[in-house]
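Data block below; observations after.
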Amino acid sequence: MSFLRGSFIDALVVLQMMVRDALNQAMDEELERDERVFLLGEEVAQYDGAYKVSRGLWKKYGDQRIIDTPISEVRAGLRPICEFMTFNFSMQAIDQVINSAAKTCYMSAGFQAVPIVFRGPNGSSAGVAAQHSQCFAAWYAHCPGLKVVSPWNSEDAKGLLKAAIRDDNPVVFMENELMYGVPFEMSEEALSKDFVLPIGKAKIERPGNHVTLVSHSRCVGHCLDAAAVLAKEGIECEVINLRSIRPMDTDAIEASVMKTNHLVTVEGGWPQFGVGAEICAKIMEGPAFNYLDAPVTRVTGVDIPMPYAKILEDNSVPQIKDIIFSIKKTLNV
Amino acid sequence: KLKMLTNISNVLRACAQRNVAAVVMSARTYADFTPEATFEIKKCDTFKLDEAPATQVVLTRDEGLEYYRIMQTIRRMELKADQLYKQKIIRGFCHLYDGQEACAVGIEASINLSDHLITAYRAHGYTLTRGGTVKEIMAELTGRRGGIAKGKGGSMHMYTKHFYGGNGIVGAQVPLGAGVALACKYQGNNQLCVCLYGDGAANQGQIFETYNMANNRYGMGTSVERAAASTDYFRRGEFIPGLRVDGMDLLCVREATRFAADHCRSGKGPILMELQTYRYHGHSMSDPGVSYRTREEIQEVRSKSDPISMLKDRMLSNNMASIEELKEIDVEVRKEIEDAALFATTDPEPPLEELCNHIYYNDAAVEVRGTNPWAKLKSVS
Chain X
3 MSFLRGSFID ALVVLQMMVR DALNQAMDEE LERDERVFLL GEEVAQYDGA
53 YKVSRGLWKK YGDQRIIDTP ISEVRAGLRP ICEFMTFNFS MQAIDQVINS
103 AAKTCYMSAG FQAVPIVFRG PNGSSAGVAA QHSQCFAAWY AHCPGLKVVS
153 PWNSEDAKGL LKAAIRDDNP VVFMENELMY GVPFEMSEEA LSKDFVLPIG
203 KAKIERPGNH VTLVSHSRCV GHCLDAAAVL AKEGIECEVI NLRSIRPMDT
253 DAIEASVMKT NHLVTVEGGW PQFGVGAEIC AKIMEGPAFN YLDAPVTRVT
303 GVDIPMPYAK ILEDNSVPQI KDIIFSIKKT LNV
Chain U
-1 KLKMLTNISN VLRACAQRNV AAVVMSARTY ADFTPEATFE IKKCDTFKLD
49 EAPATQVVLT RDEGLEYYRI MQTIRRMELK ADQLYKQKII RGFCHLYDGQ
99 EACAVGIEAS INLSDHLITA YRAHGYTLTR GGTVKEIMAE LTGRRGGIAK
149 GKGGSMHMYT KHFYGGNGIV GAQVPLGAGV ALACKYQGNN QLCVCLYGDG
199 AANQGQIFET YNMANNRYGM GTSVERAAAS TDYFRRGEFI PGLRVDGMDL
249 LCVREATRFA ADHCRSGKGP ILMELQTYRY HGHSMSDPGV SYRTREEIQE
299 VRSKSDPISM LKDRMLSNNM ASIEELKEID VEVRKEIEDA ALFATTDPEP
349 PLEELCNHIY YNDAAVEVRG TNPWAKLKSV S
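Taken in order, these protein sequences are the chains called X and U.
Heads up, the first sequence is in the numbering used here, so the first residue is 3 and it goes up one at a time.
Heads up, the second sequence is in the numbering used here, so the first residue is -1 and it goes up one at a time.
If you want it as structure tokens, here you go:
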């Protein structure tokens, strides 16, 4: 009897957690678990992090493990988490990310591992203009030797960040500033200290039969919103949250396309040589091509540097109406 | 007796010619060698330092023989690489270290293998002093499976324990070196990192960023060392103390490194060493090396400051070794190089099945796309 009552109460306890807190929890748990893990970046220590993602960690772990730095990179025997205030700043250190981090395991024939996580906000924000709004998913995902991860909600954030920290390879972990303050439900499993999500596996956030939507990061939410609107019109969208850009879960996309026969990719980044472009190429080369009833449609950011004025900025990124429009064009309805 | 007198007079004549200041500790019969001798070395210019490395240093016979052997090995290995490159057996980039042996050997003499070292692309000498073998270095240059990086890295990407290459991007190794030093401090293991770079890197922004980080409330055990042609590089740290060292004199380099290592390990923070050294070859194999300097200059350095000759003269003039003994070492070294070259030219190339291996570390096997969609290759860690 008491056993039944316990589980009934557990089921009622649904915790809402913001993405930044999920990231914070992930880092806190991994700092505690492995003393080789440490965090460095601009303002991560005393300032509690430019976006407060590292709040409280400096107070708990001290100078040794939470380090304020200029934009630069370190490794060797330790497991650093390197925070970029934004991935736009990572370009200052990109040579290190690519030439010193990504390629080293291969160049040394497996002798020298680089267990480092590069994390920070990626993609567009609100009113931060062209130099602070670029999406770097395609640039980093282009490079063998890196793993590139792009969480959407709090569960993604926590599970994937823990996986990234525990991974013995360089992982580019792309967060989104606009998502930091968004709360999501966290299951009990997700709240545990050993909750780790596999890198390279996508998640079907919403099943459907008529069209496959593939997205990552903030756009996943837009896809779900578009799907909710279209459901009222009898169009059932299957929404796939990529979670990992490299390696990408091509199998999941193919299985879905083979079911729905239609594919729309949605991303915040620019169209040329982007994530959607890669998905198109992959689908063409695989078994799912023969199941397509229409060419793949890519919904992307507009091919321009990000403007400042609100009306311009709003119209530079995919909106829900753009997604709906594209789906209907793809379905020819 | 006559033999001994002849010997001493030869030695004295050699002394006068080479202008090597030496003190003979004791004169014995020809059969006995002097176990150790004290030498006067050049004083280092200092910057922001109250003390300087010693100018009177002791070299033992055993040390001398060991240093001679390693320097000669580096010299012969580099010259063999030159030969193989011209025969097109080594391809791509090849940056040779001959002339600079005093640096690699002098530094290693004053640090431990448990310390750390990182350098730029002129790395063959350091790969050797840091524990690599001639055989695996040469096989890496020829791109064979027996190479130190299994043929995957080439000239600029060789690694051993606590040696982080071999780095192709000018200056990039400097922040990495600071990171290694940070790891030493973090782990409290009293180890230090020697981080080398050249004149080209010296003007880069990331060098100064590294100075800033190394000194900025970290007190890291980073000792930064450079080879320079002129100007006061050792002062460029501004808030980091510096030493200017005769990089052609092994004993100078050894003593300065000892001083620098003590400085670091005692918690005084980073230190800059400017090693004035000289490479006989051009920058790389595609640089004849005579468009920006004269052959006379190269010849002069060779005759007056060659590090191996300097050590040899010191040992001979102090009766610390015989000429036959040194010749024997030469023969052994030559054989080692020849054997290594034979291995490097006959060892097969890496197998194609291993093309995609080692993209990731400690990871499950993955499929890698080949040149076309049907080429599904395999990668294991």
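Every residue, glycine too, gets a C-beta built ideally from N, C-alpha and C.
Check each residue of the segment 272 to 304 of chain X: if its Cβ is closer than 7 angstroms to any Cβ of chain U, include it; give the result in chain order. Hits within the stretch, in order: Glu287.
If we call anything under 8 angstroms between Cβ atoms a contact, is Val268(X) one with His224(X)? Taking the first sequence and counting its residues from 1, one reaches residue 268(X) at position 266. Taking the first sequence and counting its residues from 1, one reaches residue 224(X) at position 222. In this structure, His224(X) lies closer than 8 angstroms to Val268(X) by Cβ.
Work out the CA separation of Val132(U) and Met75(U) for me, nearest whole Å. Taking the first residue of the second sequence as position 1, residue 75(U) is located at position 77. Taking the first residue of the second sequence as position 1, residue 132(U) is located at position 134. Straight across, the Cα-Cα distance linking Met75(U) with Val132(U) is about 7 angstroms.
At the level of alpha carbons, what is the spacing between Phe275(X) and Thr299(X)? Along the first sequence, one-based indexing puts residue 275(X) at 273. Along the first sequence, one-based indexing puts residue 299(X) at 297. Rounded to whole angstroms, Phe275(X) and Thr299(X) show a C-alpha spacing of 14 angstroms.
Taking 8 angstroms as the CB-CB limit, is Pro371(U) close to chain X? Residue mapping note: residue 371(U) aligns to position 373 of the second sequence, counting from 1. For Pro371(U), the answer is yes, since a Cβ of chain X falls inside 8 angstroms of its Cβ.
For Ile306(X), does the three-state DSSP call read helix, strand or coil? Mapped onto the first sequence, residue 306(X) falls at position 304. The answer is coil: DSSP assigns Ile306(X) none of H, G, I, E or B.
Simplified DSSP state of Cys137(X), which is helix, strand or coil: Along the first sequence, read from residue 1 onward, the residue named residue 137(X) stands at position 135. Coil at Cys137(X), not helix or strand.
Between the CA atoms of Ile146(U) and Gln321(X) - distance to the nearest angstrom: Reading the first sequence from its first residue, position 319 is the one you call residue 321(X). Reading the second sequence from its first residue, position 148 is the one you call residue 146(U). Going from the Cα of Gln321(X) to the Cα of Ile146(U) covers about 53 angstroms.
Mind listing the chain X neighbours of Val364(U)? Cutoff is C-beta to C-beta under 7 angstroms, in chain order. Within the second sequence, numbered from 1, the residue matching residue 364(U) stands at position 366. Under the 7 angstroms cutoff, chain X gives Pro249.
Could you tell me the boundaries of the alpha helix (DSSP H) in which Ile327(U) lies? Working through the second sequence from its first residue, we reach residue 327(U) at position 329. Here the alpha helix (DSSP H) through Ile327(U) covers Ile321 to Thr344.
Ends of the alpha helix (DSSP H) at Pro173(U)? Sequence index remark: in the second sequence, residue 173(U) carries index 175 (1-based). Segment Gln171 to Gln185, the alpha helix (DSSP H) holding Pro173(U).
Classify Asp70(X) as helix, strand or coil using the three-state DSSP reduction. Stepping through the first sequence from its first residue, residue 70(X) is reached at position 68. Here Asp70(X) carries a strand assignment [DSSP, helix/strand/coil].
Considering only their Cβ atoms, is the gap separating Ile201(X) from Ala159(X) smaller than 8 angstroms? Reading the first sequence from its first residue, position 157 is the one you call residue 159(X). Reading the first sequence from its first residue, position 199 is the one you call residue 201(X). Taking the C-beta atoms as reference points, Ile201(X) is found no nearer than 8 angstroms to Ala159(X).
Asp311(U) versus Ala35(U): straight-line alpha-carbon distance, rounded: In the second sequence, the residue the question calls residue 311(U) occupies position 313. In the second sequence, the residue the question calls residue 35(U) occupies position 37. Those two C-alpha atoms are separated by around 13 angstroms.
Out of Gln98(X), Phe113(X) and Val130(X), which has the shortest C-alpha to C-alpha gap to Val119(X)? As a first step, residue 119(X) is located in the first sequence; it is residue number 117 there, counting from the start. Nearest of Gln98(X), Phe113(X) and Val130(X) to Val119(X), Cα basis: Gln98(X).
Please report the Cβ distance between Val243(U) and Glu272(U), rounded to the nearest whole angstrom; I am assuming they are in contact, meaning their Cβ atoms lie under 8 angstroms. Walking along the second sequence from the start, residue 243(U) turns up at place 245. Walking along the second sequence from the start, residue 272(U) turns up at place 274. Between Val243(U) and Glu272(U) a beta carbon distance of about 7 angstroms is seen, short of the 8 angstroms cut, so the two are scored as contacting.
Quick check on Pro346(U) - is its C-beta less than 8 angstroms from some C-beta in chain X? Within the second sequence, numbered from 1, the residue matching residue 346(U) stands at position 348. No, because no Cβ of chain X sits closer than 8 angstroms to the Cβ of Pro346(U).
Given that His356(U) touches chain X, what residues does it touch there, using C-beta distances under 8 angstroms? Here the question's residue 356(U) lines up with position 358 in the second sequence. Near His356(U) (Cβ distances below 8 angstroms), the residues of chain X are Cys107, Tyr108, Ser110, Ala111 and Gly112.
Using a Cβ-Cβ cut-off of 8 angstroms (strictly less than) and excluding sequence neighbours within five positions of Ala373(U), which residues of its own chain qualify? If you number the second sequence from 1, residue 373(U) lands on position 375. Same-chain partners within the cutoff: Arg367.
Can you check which of these residues, Arg332(U), Val329(U), Thr343(U) and Ser377(U), is closest to Glu352(U) by C-alpha distance? For the purposes of this step, residue 352(U) is taken as the residue at position 354 of the second sequence. With respect to the C-alpha of Glu352(U), the residue from Arg332(U), Val329(U), Thr343(U) and Ser377(U) having the closest C-alpha is Ser377(U).
Spell out the partners DSSP gives Ser377(U) in its beta bridges. Position 379 of the second sequence, counted from the first residue, corresponds to residue 377(U). Under DSSP, the beta-bridge partners assigned to Ser377(U) are Val364(U).
Using a C-beta to C-beta distance shorter than 9 angstroms, which residues of chain U count as neighbours of Ser217(X)? Position 215 of the first sequence, counted from the first residue, corresponds to residue 217(X). Going along chain U, no residue has its Cβ under 9 angstroms from Ser217(X), so there is no contact; the nearest lies around 23 angstroms.
Where Tyr182(X) and Gly240(U) are concerned, what is the direct C-alpha to C-alpha distance, given to the nearest angstrom? On the first sequence, position 180 is the one that residue 182(X) refers to. On the second sequence, position 242 is the one that residue 240(U) refers to. Roughly 46 angstroms separates the two Cα atoms.
Considering only residues of the segment 187 to 255 of chain X, which uninterrupted beta strand (DSSP E) runs meet the minimum length of 3 residues and lie entirely inside it, listed in chain order? The segment 187 to 255 of chain X contains these whole beta strand (DSSP E) runs: 205 to 208, 213 to 217, 239 to 243 and 246 to 248.
Are the segment 148 to 166 of chain U and the segment 96 to 113 of chain X touching by the rule of at least three beta carbon pairs closer than 8 angstroms? Touching, yes, given that three or more Cβ pairs across the two stretches are closer than 8 angstroms.
Looking at Pro346(U) and Arg143(U), is the spacing between their C-beta atoms short of 8 angstroms? Here residue 143(U) refers to the residue found at position 145 when the second sequence is read from its first residue. Here residue 346(U) refers to the residue found at position 348 when the second sequence is read from its first residue. In this structure, Pro346(U) lies closer than 8 angstroms to Arg143(U) by Cβ.
Could you please tell me which residues of the segment 144 to 159 of chain X, in chain order, have their CB closer than 7 angstroms to any CB of chain U? Those would be Pro146 and Gly147, in chain order.
Taking beta-carbon pairs under 7 angstroms, can you tell me which members of the segment 170 to 184 of chain U lie near chain X? Those residues of the segment 170 to 184 of chain U that come within reach of chain X (Cβ to Cβ, closer than 7 angstroms) are Ala170, Pro173, Leu174, Ala176, Gly177, Val178, Leu180, Ala181 and Tyr184.
Inter-residue spacing [alpha-carbon to alpha-carbon] between Arg168(X) and Val288(U): Locating residue 168(X) in the first sequence gives position 166, counting from the first residue. Locating residue 288(U) in the second sequence gives position 290, counting from the first residue. Spanning the two alpha carbons is a distance of roughly 52 angstroms.
Could you pull out every unbroken alpha helix (DSSP H) segment of at least 4 residues lying fully inside the segment 13 to 59 of chain X, listed in chain order? Counting whole runs of 4 or more residues, the segment 13 to 59 of chain X contains the alpha helix (DSSP H) stretches 21 to 35.
For Ala259(U) versus Ser108(U), is the C-beta distance shorter than 8 angstroms? The residue labelled residue 259(U) in the question sits at position 261 within the second sequence. The residue labelled residue 108(U) in the question sits at position 110 within the second sequence. Yes, they are a contact pair.
Please compile the residues from chain U whose C-beta is within a distance smaller than 9 angstroms of the C-beta of Asp170(X). Against the first sequence, residue 170(X) aligns to sequence position 168. Within chain U, the residues whose beta carbon sits less than 9 angstroms from that of Asp170(X) are Tyr358, Tyr359, Asn360, Asp361 and Ser379, listed in sequence order.
Using three-state DSSP, classify Pro371(U) as helix, strand or coil. Stepping through the second sequence from its first residue, residue 371(U) is reached at position 373. Taken through DSSP and simplified to helix, strand or coil, Pro371(U) comes out as coil.
With DSSP collapsed to three states, give me the class of Pro286(U). Taking the first residue of the second sequence as position 1, residue 286(U) is located at position 288. DSSP places Pro286(U) in coil when its eight states are reduced to three.
Using a C-beta cutoff of 8 angstroms, does Asp97(X) count as contacting chain U? By one-based count along the first sequence, residue 97(X) stands at place 95. Yes - at least one Cβ of chain U is within 8 angstroms of the one on Asp97(X).
Beta-carbon gap between Arg248(X) and Leu199(X) smaller than 8 angstroms: By 1-based counting over the first sequence, the position of residue 248(X) is 246. By 1-based counting over the first sequence, the position of residue 199(X) is 197. Contact: no.
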